[in-house]
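Line by line, the protein sequences are chains A and B.
In terms of my numbering, the first sequence has 93 at position 93, counting the first letter as 1, and numbering is strictly consecutive.
The number in my numbering is simply the position in the second sequence, starting from 1, with 259 added.
No residue lacks a Cβ here, since even glycine has one placed at the ideal position from N, Cα and C.
Quick caveat, the model's predicted, so the values are computed rather than measured.
There are 2 protein chains.
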Amino acid sequence: MAKKKPTILVVNDDGITAPGIKVLLEVMQEIGDVVVVAPDSPQSGMGHAITIGKPLRLDKIDLYEGVEMYKCSGTPVDCVKLSVNKIFKGKKPDLCVSGINHGLNYSINVLYSGTMSAAVEGAIEDIPSIGYSLDDFAHHADFSHTRSYVKTIAEQVLLNGLPKNTLLNVNFPNINKDIKGIKICRQANAKWFEEFDERLDPYEREYFWMTGKFQLNDRGEDTDAFALANGFVSIVPTQFDMTAHHAIPELNSWSFDDK
Amino acid sequence: MAKKKPTILVVNDDGITAPGIKVLLEVMQEIGDVVVVAPDSPQSGMGHAITIGKPLRLDKIDLYEGVEMYKCSGTPVDCVKLSVNKIFKGKKPDLCVSGINHGLNYSINVLYSGTMSAAVEGAIEDIPSIGYSLDDFAHHADFSHTRSYVKTIAEQVLLNGLPKNTLLNVNFPNINKDIKGIKICRQANAKWFEEFDERLDPYEREYFWMTGKFQLNDRGEDTDAFALANGFVSIVPTQFDMTAHHAIPELNSWSFDDK
């Protein structure tokens, strides 16, 4: 008897028409039965935002022949929540993949990224989940070198499963870098140093454009930043317990009595 | 010579007119020099979203006498980024406090919460940061029982400092619970079970309202959920390294060669 094909939920944050999600759904079609649910407009930088107090739309569309696809008016995380509840109706998919993002989501970017937050939400829903991102912001970025890796990593996750409450954050170097292989990494310690470009609107009122420089504060050779800089695909096993467990004893020594 | 008063940045996600931020800024005025920067509209559930590709507004307003206040068109995290850059101009405040949120932000809610994400952003900026939340969603929630705790916790943070890359997530029981004291906790393992109320708009098109039930999957007595249920103020030391460090050895044993 033929083995049942896995069902795969494909999401992203760049929106349903982004080339990156097309590559991802094509690769996933080689592995399983695909359902695509993605925002109807770009949602980069939406982090783990959800839509509260506003209604959501979810509409089936025929964008690519033979692919079950839905566009959603909400955030990437909304897409996952709506899919699980209204499309899969509680019968969860075997895999949730997010991306392929136009732009890296390594290091601290995992917090700001809608792509990664959708994958985190998949993991919260107990679905083995992977976020994929490429070091190229361009709309017409070349994803060709990522395909075999995207497939292998998804197959390995389906084969081995993932530890409880763990997902994968996969980042790819740009096409111009020779890929040397895969490295399992930790998230590099870094931050964005923002600058705000100050302008006047046609009514003489001030407004700001946010720009930023990425500041790597980590010389470790076991980080995603180091792996990517050296031509490797980085995989960071990712979790969502924000507790600083190591700080609990210190806080227990504080004196809170003076109230 | 008198000791210099600390400078304190006050932010929230419920918006600049929320009663919770008024309580917070009043308590902080007893401790230091306060600057308030908050969204011009409610931003609950915005998580760590930032505004990319759209301009931001930041306008000084006189809402409460003698308080330096600004309203911002962006997300809670945008408020922190804009404050550091355009108001404090790199001379960082001594403390960043967020809230007091109308509604709890314990357990998994830390991921969805704009209140907590603003505090996380403060910590990323290397500012000692605290998020405060109350178990009452009502606009006219009674915050009176939180004041002495809010002050003591802030004073302790100013006195002791916080471990590197660590902030505090403080949650208060409702006024109707006798507060028994403070407990240092870990984030409880839980998730939201969503339901989507399905309706038709006046044009006969389908839309959804998200509702959810909180599912606690954790019987530990060291969690924030347990502390709150038993009448304690919960403090979870919180960090933002999403790496699942424990999963790195297992992933290193996988076979990625078949590409």
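Buried or exposed by the 16-neighbour rule on C-beta atoms within 10 Å, applied to residue i
i, result
"A:Q187", "buried"
"B:H361", "buried"
"B:S403", "exposed"
"A:A123", "buried"
"A:G161", "exposed"
"B:K264", "exposed"
"A:S237", "Before going further, note that residue 237 of chain A is Pro rather than Ser in the sequence given. The residue is buried, with at least 16 neighbouring Cβ atoms inside 10 Å."
"A:E198", "exposed"
"A:A118", "buried"
"A:F240", "buried"
"B:F467", "buried"
"A:Q213", "Per the sequence shown, residue 213 of chain A should be read as Lys rather than Gln. A:K213 comes out exposed."
"B:Y462", "exposed"
"A:Y112", "buried"
"A:K71", "buried"
"A:G20", "buried"
"B:E384", "buried"
"A:D59", "exposed"
"B:K313", "exposed"
"B:E380", "buried"
"A:N12", "buried"
"B:D273", "buried"
"A:Q215", "exposed"
"B:S332", "buried"
"A:F226", "buried"
Proximity test, residue i beta-carbon vs the ligand GDP heavy atom, cut-off 7 Å
i, result
"B:I267", "This structure does not include the ligand GDP; it has no bound ligands of any sort."
Distance between residue j and residue i (C-alpha atoms, nearest Å)
i, j, result
"A:S148", "A:G99", "15 Å"
"B:S366", "A:L104", "28 Å"
"A:T152", "A:N171", "14 Å"
"A:T211", "A:D142", "25 Å"
"B:L417", "B:I275", "25 Å"
"A:I61", "A:C79", "15 Å"
"B:K436", "B:N489", "9 Å"
"B:P508", "A:A244", "21 Å"
"A:A49", "B:M305", "4 Å"
"B:K518", "A:A154", "Low local confidence applies: a pLDDT of 49 at B:K518 is under 50, so the model's placement there is unreliable, with the coordinate-based value given in what follows. Whole-angstrom Cα-Cα distance: 11 Å."
"B:K281", "B:Y391", "13 Å"
"B:S512", "A:A38", "33 Å"
"A:T115", "A:K3", "30 Å"
"A:G220", "A:N189", "9 Å"
"B:V295", "B:K345", "13 Å"
"B:V343", "B:K350", "8 Å"
"B:D460", "A:T75", "21 Å"
"B:Q288", "B:V269", "10 Å"
"B:T425", "B:P387", "8 Å"
"A:F193", "A:N109", "13 Å"
"B:T482", "B:V356", "22 Å"
"B:A506", "A:L228", "20 Å"
"A:L168", "B:L322", "46 Å"
"A:I8", "B:L354", "45 Å"
"B:E324", "B:V492", "31 Å"
"B:V336", "A:P93", "33 Å"
Limits of the alpha helix (DSSP H) - the one that residue i falls within
i, result
"B:A449", "Looking at the DSSP string, B:A449 is not in any alpha helix (DSSP H); the run it does join, the beta strand (DSSP E), is A449 to L459."
"B:Q288", "P278 to Q288"
"B:L363", "Segment: none, B:L363 is in no alpha helix (DSSP H) and carries neither H nor E."
"A:L162", "Premise fails: A:L162 is in no alpha helix (DSSP H) and is neither H nor E."
"B:F485", "D483 to A488"
"A:N252", "I248 to N252"
Residues that DSSP places opposite residue i in a beta bridge
i, result
"A:P39", "A:C72"
"B:T502", "A:T238"
"A:D33", "A:T7"
"B:C355", "B:L268 and B:S388"
"B:F491", "B:G440"
Span of the beta strand (DSSP E) around residue i
i, result
"A:E206", "E206 to L216"
"A:D59", "L58 to I61"
"B:S392", "S388 to L393"
"A:I184", "G181 to I184"
"B:L268", "T266 to V270"
"A:V120", "First-last for A:V120: G114 to I124, but that is the alpha helix (DSSP H), not the beta strand (DSSP E)."
"B:F431", "L426 to F431"
Legend entry - Residues of the segment 36-67 of chain A whose Cβ lies closer than 7 Å to any Cβ of chain B, in chain order: S44, G45, M46, G47, H48, A49, I50, T51, I52, P55, L56, R57 and L58
Inset, instruction - Name, going along the chain, the residues of the segment 353-367 of chain B whose beta-carbon falls closer than 8 Å to a beta-carbon of chain A. - result: I367
Inset, instruction - Could you name the residues of the segment 414-429 of chain B whose beta carbon sits closer than 7 Å to any beta carbon of chain A, in the order they occur along the chain? - result: Q415, N419, P422 and T425
Inset, instruction - With 8 Å as the C-beta to C-beta threshold (strictly closer), list the residues of the segment 478-503 of chain B near chain A in chain order. - result: I494, V495, P496, T497, Q498, F499, D500, M501, T502 and A503
Legend entry - Residues of the segment 455-470 of chain B whose Cβ lies closer than 7 Å to any Cβ of chain A, in chain order: F455, Y466, F467, W468 and M469
Inset, instruction - Quick one: which residues of the segment 328-354 of chain B get their C-beta closer than 9 Å to a C-beta of chain A? List them in chain order. - result: S332, G333, T334, V336, D337, K340, L341, V343, N344 and K345
Legend entry - Near-chain B residues of the segment 116-141 of chain A (beta-carbon distance less than 9 Å), N- to C-terminal order: M116, S117, V120, E121, I124, E125 and D126
Legend entry - the segment 23-35 of chain A: positions lying closer than 7 Å to chain B by Cβ: none
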